[in-house]
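Using the numbering used here, the letters of the sequence shown correspond one by one to residues 408 to 513.
For glycine and all other residues, C-beta sits at the position ideal for the given N, C-alpha and C.
The block underneath contains the structure these notes are about, expressed in structure tokens.
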Amino acid sequence: MFSLISTVIAATAFALPAAAQDADAAQKLLKAENCTKCHSVDKSKKGPAYQKVAAKYKGKADAESKLTTFLTSSPKVKLDDGSEEEHKALKDQKAMGNLIKWVLAQ
């Protein structure tokens, strides 16, 4: 039992720096793709806060695939003021998986 606990603690300790690096990469992508113009972590702007998006998808097995489709298909979105516009597709699709995981962790 002690060995199992030690292994879990050690794995968690090694995972922390990687998670911080992933968060940095996600933040960098958000700025590069100009996502912060309409979104923030905890406050709604023109678009929903990332915390609100995470809450919407919490516990849903298809969350990552739905967000992937959303971020690559440029769907029309309804804004808080009632207007609609086309959501910009991400250009850097290689880094998108990390970004989606970061958003869902908010």
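Residues bridged to residue i [DSSP beta-bridge criterion]
i, result
"residue 491", "485"
8 Å contact criterion, which residue i and residue j should meet: CB distance rounded
i, j, result
"residue 476", "residue 497", "Residue 476 to residue 497, Cβ: 12 Å. No contact."
"residue 493", "residue 481", "5 Å"
"residue 461", "residue 511", "5 Å"
Contact the region 446-454 vs the region 478-497: 3+ CB pairs below 8 Å: Contact holds: three or more Cβ-Cβ distances are below 8 Å.
Contact between the region 466-484 and the region 429-436 is defined here as three or more beta-carbon pairs at a separation below 8 Å; is this criterion met? By the Cβ criterion, the region 466-484 is not in contact with the region 429-436, since fewer than three pairs of Cβ atoms, one from each stretch, lie closer than 8 Å.
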